[in-house]
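Undergrad: Starting off with a structure, shown below.
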Amino acid sequence: MGALTKSIIVNFIRYICYYVLLHHVLGGLDGRTGTWGYVFGGMGTVSNALASAALSHGAELYTNYEVSSILTEDGCVKGVKLANGKEVAANIVLANTTPKITFTDLIEKSVLPQDFRNSINTIDYTSPVTKINVAVRSLPSFSCLPSIDRNPMPHHQTTIHMNCELMQLVHQGVVDYRQGQWSKNPVIEMTIPSAVDRSLVQDDTSHVVSLFTQYTPYKLNDGLWDDSMKEKYATKGIFSLKSTRMLQIFLPVLLDMRSFHHPNLKKYSDLLEGRTWSTRKISIWLIGKLYLKEEKYLSGGGVTGAPGRLGAITALKHWKNSKKY
1 MGALTKSIIV NFIRYICYYV LLHHVLGGLD GRTGTWGYVF GGMGTVSNAL ASAALSHGAE
61 LYTNYEVSSI LTEDGCVKGV KLANGKEVAA NIVLANTTPK ITFTDLIEKS VLPQDFRNSI
121 NTIDYTSPVT KINVAVRSLP SFSCLPSIDR NPMPHHQTTI HMNCELMQLV HQGVVDYRQG
181 QWSKNPVIEM TIPSAVDRSL VQDDTSHVVS LFTQYTPYKL NDGLWDDSMK EKYATKGIFS
241 LKSTRMLQIF LPVLLDMRSF HHPNLKKYSD LLEGRTWSTR KISIWLIGKL YLKEEKYLSG
301 GGVTGAPGRL GAITALKHWK NSKKY
């Protein structure tokens, strides 16, 4: 079942399926290949750990400074220009923005070959995913495996898959998507991180639940993704009578829910087409002294340090071997 849902995350873009299957066996934890885990304290803990490590080695951190362009001279990167007009010189620029943002929005067209720019413009960032975060009073209890008490059971601590038991359900969901509608019976991957990490909640009984739902088109045939449409999808698309299992699981314990659709994700970061999954290239793009180490902000899915590590290794290698530095 896990392999099935991993491949159908993007089965509307066939060429990505193979990568997604590979992505789910990359890395590991505690010596076990392909194992995933929760970050205690939430994903912000990863950013804080990276910041702390950088500061310990003498780095200076500046936040809330928008970069408006990457500065170049004679085909080589020389630094960045901020939105407030200030220019910051740098021997090396490590970019964590998408290829589209980096090479078409931040760098002058004349710096890059046209065929390279054309290849960047062909990258598909489309995502079919909507994330819904749910706050509940207590652990959800499943009719197939009812909770014994308020303590998490093994299945509460893993990924729970729903509406993917039959290929017809999945197929119909894709058909709905291609017609500009959200899936009537969305494929759902559910996790309960607070079953493992109690620092995410403020009392002894409540929990947070993450729903990775699909398929939802970026552009709907019958409206826009405004607040009203978000609520309509969450209440009718997920918590509808057609999804009886979701009613059984959540209605007795539901406190609040927040849904994150494509335009919302684009608003909060540079996710194009609200992408939560795409072809993430584990590789380094090099132009002069610009290194792209793009992992990006995933609203659901895994986070790997491979792009950043490869980017840093390549930058250090060039730094040591180039007399220009």
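Using the UniProt record's numbering, the first residue of the sequence shown is number 1, and each one after it goes up by one. Using N, Cα and C, we set each Cβ at its ideal position, and we do this for glycine too.
#1: Quick check on the DSSP output: what are the complete beta strand (DSSP E) runs of length 3 or more inside the UniProt domain "Amine oxidase" (41-137), in order along the chain?
#2: Going by DSSP in three states, Y325 sits in which element: helix, strand or coil?
#3: Are residue 351 and S210 closer than 8 Å when you measure CB to CB?
#4: Looking at the secondary structure, which residues open and close the alpha helix (DSSP H) in which M162 lies?
#5: Using DSSP with H/G/I as helix, E/B as strand and the rest coil, what is M153?
#6: Can you look up F250 in the DSSP assignment and give me helix, strand or coil?
#7: Taking all protein chains shown into account, do 16 or more other C-beta atoms lie within 10 angstroms of the C-beta of S194, making it buried, or fewer, making it exposed?
#8: I'd like the list of long-range same chain contacts for R32, defined as Cβ closer than 7 Å, with 5 residues on each side in sequence excluded.
#9: For the stretch 97-116 and the stretch 67-76, state whether three or more C-beta atom pairs, one from each stretch, are separated by less than 8 Å.
#10: According to DSSP, what are the bridge partners of V209?
#11: Per DSSP, what are the beta-bridge partners of R32 in this structure?
#12: Going by DSSP, what residues sit across from E165 in a beta bridge?
#13: Could you give the uninterrupted runs of the alpha helix (DSSP H) lying entirely in the stretch 170-205, keeping only those of 4 residues or more?
#14: Starting from K232, follow the alpha helix (DSSP H) in both directions and report where the run begins and ends.
#15: Assess, as a yes-or-no matter, whether the stretch 128-138 is touched by the stretch 215-233 under the definition of 3 or more beta carbon pairs within less than 8 Å.
#16: With DSSP as the reference, label G305 as helix, strand or coil.
#17: Measuring CA to CA, which of D222, E189 and Y233 is closest to T213?
#18: Answer yes if the stretch 246-255 comes into contact with the stretch 135-152, meaning at least three C-beta pairs across the two stretches below 8 Å, and no otherwise.
#19: Am I right that L29 and T35 are in contact with their C-beta atoms under 8 Å? What's the rounded C-beta distance?
#20: Counting only beta-carbon atoms, is K317 nearer than 8 Å to chain B?
#21: Using a threshold of 7 Å, is the CB atom of V201 nearer than that to any non-hydrogen atom of the ligand NAP?
TA: To lay it out plainly:
#1: 67-73, 76-82, 87-89, 93-95 and 129-136
#2: On the sequence shown, residue 325 is found 325 positions in, with the first residue counted as 1. Per-residue confidence for Y325 stands at a pLDDT of 45, beneath the threshold of 50, marking its modelled position as unreliable; the derived number appears in the next sentence. Residue state, collapsed to three classes: coil.
#3: This structure cannot settle anything about residue 351, because the visible part of the chain is limited to 1 through 325.
#4: Position 162 of the sequence shown holds residue 162. From DSSP, M162 is part of no alpha helix (DSSP H) but of the beta strand (DSSP E) over I160 to M162.
#5: Counting from 1 along the sequence shown, the entry for residue 153 is found at position 153. It is coil, neither helix nor strand.
#6: Mapped onto the sequence shown, residue 250 falls at position 250. If DSSP states are grouped into helix, strand and coil, F250 belongs with the helices.
#7: One-based indexing of the sequence shown puts residue 194 at position 194. The residue in question, S194, is buried, as its Cβ has 16 or more Cβ neighbours within 10 Å.
#8: Taking the sequence shown and counting its residues from 1, the one referred to as residue 32 is at position 32. Around R32: no qualifying Cβ.
#9: yes
#10: Numbered from 1 along the sequence shown, position 209 holds the residue referred to as residue 209. V134.
#11: By one-based count along the sequence shown, residue 32 stands at place 32. According to DSSP, R32 bridges with L29.
#12: For the purposes of this step, residue 165 is taken as residue 165 along the sequence shown, with counting starting at 1. E165 is not bridged to any residue.
#13: none
#14: Against the sequence shown, residue 232 aligns to sequence position 232. Run containing K232: D227 to K232, per the alpha helix (DSSP H) assignment.
#15: yes
#16: Counting from one through the sequence shown, the residue named residue 305 turns up at place 305. Correct three-state label for G305: coil.
#17: On the sequence shown, position 213 is the one that residue 213 refers to. T213 has its Cα closest to that of E189, out of D222, E189 and Y233.
#18: yes
#19: Along the sequence shown, read from residue 1 onward, the residue named residue 29 stands at position 29. Along the sequence shown, read from residue 1 onward, the residue named residue 35 stands at position 35. Contact flag correct, Cβ pair sits at about 4 Å.
#20: Among the chains of the structure shown, chain B does not appear; only one protein chain is present.
#21: In the structure shown, the ligand NAP is absent, as is every other ligand, since no ligand is present at all.
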